[in-house]
Amino acid sequence: MKLLFEGSTVTADLYKKQLRNIKANLARPQQQEVYIHHDIARPHIARTTYAELMKYGFTILLHPSYSPGLSPSEYHLFPSPTSSGWARLPNSRNMKKASENFFKDQSPSILEQGHPRSTQKLAEVHRC
Numbered sequence: 835m836k837l838l839f840e841g842s843t844v845t846a847d848l849y850k851k852q853l854r855n856i857k858a859n860l861a862r863p864q865q866q867e868v869y870i871h872h873d874i875a876r877p878h879i880a881r882t883t884y885a886e887l888m889k890y891g892f893t894i895l896l897h898p899s900y901s902p903g904l905s906p907s908e909y910h911l912f913p914s915p916t917s918s919g920w921a922r923l924p925n926s927r928n929m930k931k932a933s934e935n936f937f938k939d940q941s942p943s944i945l946e947q948g949h950p951r952s953t954q955k956l957a958e959v960h961r962c
């Protein structure tokens, strides 16, 4: 995990560099599928970014429509913000520490399977 300096801007070139790092540092090189979930910010949907994703064979997960009660990535990875120390993060050092602690305490399967509550919540949203 690498955090950017406060006030930094994610450009298409920076995002592509991060994608190259992901590809180069896969824990299991034989892994067949990599899923990328990102929002629809300009760097993420640029044609050059899309070409980079296709070059590596990454699967892009669609970003759902806005829902005030659901933030897919946060809900998926951080199901209980208050219990995991995410309630108040006044600066980037605290955010980095909380991120490191969270991932250190998780089994690797959370990134593959997600949190059970997120699956249920997504199913509820799709029924609406």
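So the sequence shown is residues 835 to 962, counted in the numbering used here.
We put the CB at the ideal spot given by N, CA and C, even for glycine.
Cβ pair residue i, residue j closer than 8 Å
i, j, result
"residue 846", "residue 882", "yes"
"residue 890", "residue 848", "no"
"residue 931", "residue 837", "no"
Residues sharing a beta bridge with residue i, DSSP
i, result
"residue 871", "895"
Where residue i falls, given that 16 or more other Cβ within 10 Å makes a residue buried
i, result
"residue 886", "buried"
Whole-number beta carbon distance between residue j and residue i, since they are thought to touch under 8 Å
i, j, result
"residue 895", "residue 870", "7 Å"
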